[in-house]
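Visitor: Dumping the structure here so I can ask a few things about it.
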Amino acid sequence: MSIVLEQVRVVLGGKVILDGLNLTLPDQGIVGLFGPSGCGKTTLLMTLCGLIEPRDGSITGSQNLRPAMVFQEDRLLPWLTAGDNLNIILRDQEKTQLWLERMQLSGSEQQHPHQLSGGMKRRIALARALACPADLLLLDEPFKGMDLHLKKSIYPWIRKVAENIPVLLVTHDQEELACLADQVWQADGPPLKLHA
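Residue numbers (the numbering used here): 8 to 203.
Structure below.
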């Protein structure tokens, strides 16, 4: 079932961020969201994953939705090791090790987040979202702190997930859009406006 937003309005701190937004997500594939900072892209993702409740409008197809999200911040649990931050989702040591290898993080299993570089933390956060059984994948600037070689090694895993579910990718990087997005929506605002 498609996820459809109709006349969605979100107001945060007295500021209208989404105002009468109408949007239908594809059933699968990667939609790139590209636009200036502060225009409402992150608010859209947080609304889709249920962390922000719209003031008005409706979102259909989101009942029982299992979203996975990579936030702009890593949101790793600081008291857990890199491996345990993954295993808390997977609950399978072999799968955890496999995802660490896919993200080129073998040997980092026992390190805590404060011992990891920014790019390593991003890869743990990405692995957690990619490995999670989800119906919608939301990526908010997921490649911060990664070099081109690392990014390109992760692209196939995102594409594989996108074969079955919709993926929304927020980025300021044209190269990421060119390599990953099946379609690009230009964003401006606030309030957020999207142009295909």
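Just so you know, even glycine gets a beta-carbon here, dropped at the ideal spot from N, CA and C.
Since this is a predicted model, take the numbers as computed values, not measurements.
1) Would Phe41 pass as a contact of Gln193 if the rule is Cβ separation under 8 Å?
2) Please report the Cβ distance between Ser69 and Ile10, rounded to the nearest whole angstrom; I am assuming they are in contact, meaning their Cβ atoms lie under 8 Å.
3) If you count every other CB in all the chains shown that lies within 10 Å of the CB of Trp106, and 16 or more means buried, which is it?
4) Determine the direct distance from the alpha carbon of Glu60 to that of Asp154, and round the result to whole angstroms.
5) Here's a check: name, in chain order, each residue in its chain whose Cβ is nearer than 7 Å to the Cβ of Leu83, leaving out the five neighbours to either side.
6) Could you work out which residue in Glu13, Ile24 and Thr31 is closest to Val174 when comparing CA atoms only?
7) In angstroms with no decimal places, state the Cα-to-Cα distance between Pro85 and Cys139.
Guide: For this structure:
1) In the sequence shown, counting from the first residue as 1, residue 41 sits at position 34. In the sequence shown, counting from the first residue as 1, residue 193 sits at position 186. It is a contact, given that the beta carbons lie within the stated cut-off.
2) Within the sequence shown, the letter at position 62 stands for residue 69. Within the sequence shown, the letter at position 3 stands for residue 10. Separation of the CB atoms of Ser69 and Ile10 is rounded to 6 Å, and the pair is thereby assigned contact status at 8 Å.
3) Position 99 of the sequence shown, counted from the first residue, corresponds to residue 106. Of the residues assessed, Trp106 falls on the buried side of the cut-off, its CB having 16 or more other CB atoms within 10 angstroms.
4) As a working mapping, residue 154 is identified with position 147 in the sequence shown. As a working mapping, residue 60 is identified with position 53 in the sequence shown. Here the alpha carbons of Glu60 and Asp154 stand approximately 35 Å from one another.
5) As a working mapping, residue 83 is identified with position 76 in the sequence shown. Counting only Cβ-Cβ distances below 7 Å, and skipping sequence neighbours, we find Asn92, Pro120, Lys128, Ile131 and Ala132.
6) Numbered from its first residue, the sequence shown carries residue 174 at position 167. Among Glu13, Ile24 and Thr31, the Cα nearest to that of Val174 is on Thr31.
7) Here the question's residue 85 lines up with position 78 in the sequence shown. Here the question's residue 139 lines up with position 132 in the sequence shown. Going from the Cα of Pro85 to the Cα of Cys139 covers about 20 Å.
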